[in-house]
Amino acid sequence: MKKVTGVMVYYYCVCKRRLWFFANDISMESTSELVGIGKLVDETSYSREKKHILVDESINIDFLQKWKVVHEVKKSRKMDEAAKWQLKYYLWILKNKGLDVEKGVLDYPLLRKREEIILSKDDEQKFEVIVEDIQQIIEGRRPPEAVRKGFCKKCSYYEFCFI
């Protein structure tokens, strides 16, 4: 059984088919211009912070402030809901590891905006279901059916779904 990662939670919220491709090592991100831009934003933002803290081989935290505030850097708010759940997953994992993390912050350096994220008891219960659902999807023999969404044409997996 594969460990559920923060990226998997993000893809679960965005597109379950993309989640399956990613989890089954079918990666198209290396050819995506948008992914390249996102990596550049990540590399050039918050350069004074200790970045990319890997925890339990399942979450890769962009940076931490005094082990109390978890930061996740995004280039835009287009997938805002997925980014929130990814960050909440980080908070949930850290809490389950016994760390007393206060909150998360979504950082949008290109927009010069930030959003504080708190993990609620309700969110914690939802993760029990989400993690189980992700496991079922990624262990499936085939990817879920393609569901056309507004952002599909810009997705690096578009050709796998609609061509």
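Under my numbering, think of the first position of the sequence shown as 1158, with each following residue one higher.
All C-beta atoms in this analysis are idealised placements derived from N, C-alpha and C, irrespective of residue type, glycine included.
No experiment lies behind these values; they were computed from the predicted model shown.
The beta carbon of H1228 is closer than 6 Å to those of D1219, F1220, V1262 and D1264 in its chain, skipping five residues each way along the sequence. Taking C-beta separations shorter than 8 Å and ignoring five residues to either side along the sequence, the partners of E1302 in its chain run R1174, following chain order. Within a 10 Å sphere around the beta-carbon of K1311 sit fewer than 16 other beta-carbons, which makes this residue exposed.
Between the segment 1159-1172 and the segment 1241-1249, the count of Cβ pairs shorter than 8 Å is three or higher; the stretches touch.
Bounds of the alpha helix (DSSP H) holding F1179 are K1173 to A1180. Counting only residues of its own chain and dropping the five nearest sequence neighbours on each side, L1251 has a CB closer than 6 Å to the CB of V1258. Around K1235, the same chain offers F1308 as residues with beta carbons nearer than 8 Å, after the five sequence neighbours per side are excluded. For I1218, DSSP records a beta bridge to I1210.
For a cut-off of 8 Å, the C-beta gap from W1177 to I1320 is around 18 Å, too long to register as a contact. The C-beta distance from I1287 to Y1167 rounds to 11 Å, too long to fall under 8 Å, and the pair is not in contact. Taking the Cα positions, D1280 is about 23 Å away from A1180. Judged by their CB atoms, I1274 and K1241 are nearer to each other than the 7 Å cut-off. Across the set V1304, Q1293, R1305 and Y1315, the C-alpha of Q1293 shows the shortest separation from the C-alpha of M1158.
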